[in-house]
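A.B. asks:
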Amino acid sequence: MTSFPELGSPSSLPWTNSTTAMRALLALAVVFVMLATTGWTAVRGHQGNSDPRAASLSAWLHDSIAGRPLPAPEAGSAVVARFLGSLSGGQRTRLAERYPLVVGNLDGAPVELRYRANRIALAKARKVEERRRHASGLTPSGRHEAGRRMHRFASLMADDRQILAFDPNGSGRVAEVFGDLDRADRVSVVVPGVDTNVLTFEKTQRAHTAPVGMARSLYAAERKAAPGTRTAVIAWADYTSPNGVGMDAATGKLAAEGALRLRAMVRALPGTSRASLFCHSYGSVVCGVAARELPSRVTDVAVAGSPGMRAERVSELRTSARIWAMRDADDWIQDVPHLAVGGLGHGADPVSTAFGARLLSARDAKGHAGYFEPGTTSLANFAGIGVGAVASVICAKDDPDCSAA
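Going by the numbering used here, the sequence shown opens with residue 785, and the numbers climb by one from there.
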């Protein structure tokens, strides 16, 4: 049996013989090489000379407040919440101002405190890029990138934005909340795929293909679907995604790292709200790995345009959450072999009947990135799941009873 999320050698996989395995491996490698050389690659992210968050975290771990050592982030959200709950408002504010890159990413910290800390961190990061843009010896492309990052950070600092996580290191990570996360009855988390970073977090053109546009679109659709339900949507780009559809996208290393972060974020959600995950492309690989240890508050995991969830069937995900899958007829991901050989590939096709997911209609969606476009059946289906109205979803023709209990 194939072992997920870490895949074994070809001899350990469920193929009838080694020749079949090697042919499958070759086919998979060829497809990814073709995709990587025909426009599906990305420019490598910004590489700084230091990691400001790591430096801030080191200082945090050696500091104290009122004679008490500060908790390590890995201590868990419950420990962090108790510690911060024992401090005065002024003490919490001082920590956010002194260590914005720690507090802004600290699971268990009050969300309003995280928003405040991340606004401070963004302001500092913007100044760094402004200085870098005028530094001597910087190439024209480097100066252009510094300017783009500077303007992106300024945009994220706007008063009406709620930044739940931010790390400027490398190509950058960020998460944003739409709605009132503290008071929400239902929380939806959008997990995007390849080429996700601070510069691609939102787009002016084809806005609904970027995490911010996806989340905004879903939030509006959920409010329309259930006006009386308090909802919040998180555009969660707080993991390192593959650069383009190359070898990183064909393996599970980045998905495993992202799954750890996704689980921690979901566990730290405030209150007792129910949560649903909406996972696109490589984001569905992250969700597949994360599914094995998701808290029970996660009731649904829906994937779109998925290359696989690092499982051969739903039962291998070992979760009580309902698993939903969709793919539109124009999505190029259908041409990627859905298999797992020697560490390459992510397993069975989630929209195959053998996998066992509940199959949703993606009527009206266009291409690989069109699932969150307003007016599409795919978006309406996501919204129905997000507000808990699963009886309202439109099933795929191959699974007419997908919404049955």
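Here a beta-carbon is modelled for each residue, glycine too, at the ideal position from N, C-alpha and C. From a predicted model like this one, the values you see are computed outputs, not experimental measurements.
Straight-line CA distance for Leu965 to Val971?
C.D. replies: In a straight line, the C-alpha of Leu965 is about 7 Å away from that of Val971.
A.B. asks: Thinking C-beta only, is Leu897 closer than 9 Å to Ala909?
C.D. replies: Result no, Cβ atoms of Ala909 and Leu897 do not sit closer than 9 Å.
A.B. asks: Helix, strand or coil: which one does DSSP assign to Gly829?
C.D. replies: Residue confidence for Gly829 is low, a pLDDT of 45 falling below 50, so the modelled location carries little weight; the figure read from the coordinates is stated next. Of the three classes helix, strand and coil, the one that applies to Gly829 here is coil, per DSSP.
A.B. asks: Mind checking who Cys1063 pairs with in its DSSP beta bridge?
C.D. replies: In DSSP, Cys1063 forms a bridge with Val975 and Val1087.
A.B. asks: Bridge partners of Glu960, per DSSP?
C.D. replies: Glu960 is bridged to Ile947 and Ala1019.
A.B. asks: Beta-carbon separation of Phe1156 and His918 under 9 Å?
C.D. replies: No, the pair does not count as a contact, with Cβ atoms beyond the cut-off.
A.B. asks: Rounded to the nearest angstrom, what separates Arg1038 and Thr980 at their Cα positions?
C.D. replies: Here residue 1038 is Leu; the residue named in the question, Arg, does not match the sequence. Using only the alpha carbons, I get a separation of about 12 Å.
A.B. asks: Helix, strand or coil for Pro924 per DSSP?
C.D. replies: In this structure, Pro924 counts as helix in the three-state DSSP scheme.
A.B. asks: Alpha carbon to alpha carbon, how far is Arg1097 from Leu1128?
C.D. replies: Spanning the two alpha carbons is a distance of roughly 18 Å.
A.B. asks: Alpha carbon to alpha carbon, what distance is there between Phe962 and Ala942?
C.D. replies: Approximately 14 Å between the Cα atoms of the pair.
A.B. asks: Considering only their Cβ atoms, is the gap separating Phe950 from Leu1053 smaller than 9 Å?
C.D. replies: No, Cβ-Cβ distance for Leu1053 and Phe950 is not below 9 Å.
A.B. asks: Secondary structure at Ser840, three-state DSSP: helix, strand or coil?
C.D. replies: Ser840 falls in the helix class under three-state DSSP.
A.B. asks: Exposed or buried, Val827, counting other C-beta atoms within 10 Å across all chains shown (16 or more means buried)?
C.D. replies: Here Val827 scores only 38 on pLDDT, less than 50, and its place in the model should not be relied on; the value that follows carries that caveat. By the neighbour-count rule (16 or more Cβ atoms within 10 Å), Val827 is not buried but exposed.
A.B. asks: Would you mind reading off the limits of the alpha helix (DSSP H) that contains Arg1076?
C.D. replies: No alpha helix (DSSP H) holds Arg1076; DSSP gives it neither H nor E.
A.B. asks: Just verifying my parser: in three-state terms, what is the DSSP assignment at Gly1036?
C.D. replies: Three-state result, Gly1036: coil.
A.B. asks: When you compare each of Val1087, Arg1047 and Glu913 to Thr935 by their alpha carbons, which one comes out closest?
C.D. replies: Before going on, a small fix: residue 935 reads as His here, not Thr. Nearest of Val1087, Arg1047 and Glu913 to His935, Cα basis: Glu913.
A.B. asks: Label His1064 either buried or exposed according to how many other C-beta atoms from any shown protein chain fall within 10 Å of its C-beta, with 16 as the threshold for buried.
C.D. replies: Under this definition His1064 is a buried residue.
A.B. asks: Would you call the segment 1120-1127 in contact with the segment 1021-1028, where contact means no fewer than 3 C-beta pairs closer than 8 Å?
C.D. replies: These segments do not touch.
A.B. asks: By DSSP, does Met941 sit in helix, in strand, or in coil?
C.D. replies: Met941: coil per DSSP, three-state reduction.
A.B. asks: Assign Leu1046 to one of two classes, buried (16 or more other C-beta atoms within 10 Å of its C-beta) or exposed (fewer than that).
C.D. replies: By the neighbour-count rule (16 or more Cβ atoms within 10 Å), Leu1046 is buried.
A.B. asks: With a threshold of 7 Å on Cβ separation, who are the neighbours of Ala907 within its own chain once the five nearest residues in sequence on each side are excluded?
C.D. replies: Answer for Ala907: Met941, listed in chain order.
A.B. asks: If you follow the beta strand (DSSP E) that Ala1095 is in, where does it begin and where does it stop?
C.D. replies: Unbroken run through Ala1095: none, as it is neither H nor E.
A.B. asks: Ile1107 lies in the beta strand (DSSP E); which residues open and close that run?
C.D. replies: Per DSSP, Ile1107 belongs to the beta strand (DSSP E) from Arg1106 to Met1110.
A.B. asks: Is Pro857 buried or exposed, if buried means 16 or more other CB atoms sit within 10 Å of its CB?
C.D. replies: Buried, since its Cβ has 16 or more Cβ neighbours within 10 Å.
A.B. asks: Label Gly874 either buried or exposed according to how many other C-beta atoms from any shown protein chain fall within 10 Å of its C-beta, with 16 as the threshold for buried.
C.D. replies: Answer is exposed; the Cβ neighbour count stays below 16.
A.B. asks: Just curious, the alpha helix (DSSP H) that Ala869 is in, first and last residue?
C.D. replies: Per the sequence presented here, residue 869 reads as Gly, with Ala not at that position. Unbroken alpha helix (DSSP H) run through Gly869: Ser861 to Gly869.
A.B. asks: Using only the heavy atoms of the ligand PLP, determine whether one of them is closer than 8 Å to the beta carbon of Asp966.
C.D. replies: You won't find the ligand PLP in this model; it holds no ligand whatsoever.
A.B. asks: For the alpha helix (DSSP H) that Gln875 lies in, which residues bound it at each end?
C.D. replies: Element bounds for Gln875: Gly873 to Arg882.
A.B. asks: Okay, do the segment 1169-1186 and the segment 1070-1077 touch, 3+ Cβ pairs below 8 Å being the bar?
C.D. replies: No: the two stretches stay apart, fewer than three of their Cβ pairs being nearer than 8 Å.
A.B. asks: With respect to the alpha helix (DSSP H) encompassing Pro995, which residues constitute its N-terminal and C-terminal limits?
C.D. replies: Its alpha helix (DSSP H) spans residues Pro995 to Ala1009.
A.B. asks: With DSSP as the reference, label Thr822 as helix, strand or coil.
C.D. replies: Note on Thr822: pLDDT 33, under 50, position unreliable in the model; no value is reported.
A.B. asks: How is Leu890 classed by DSSP in three states: helix, strand or coil?
C.D. replies: Coil, per DSSP.
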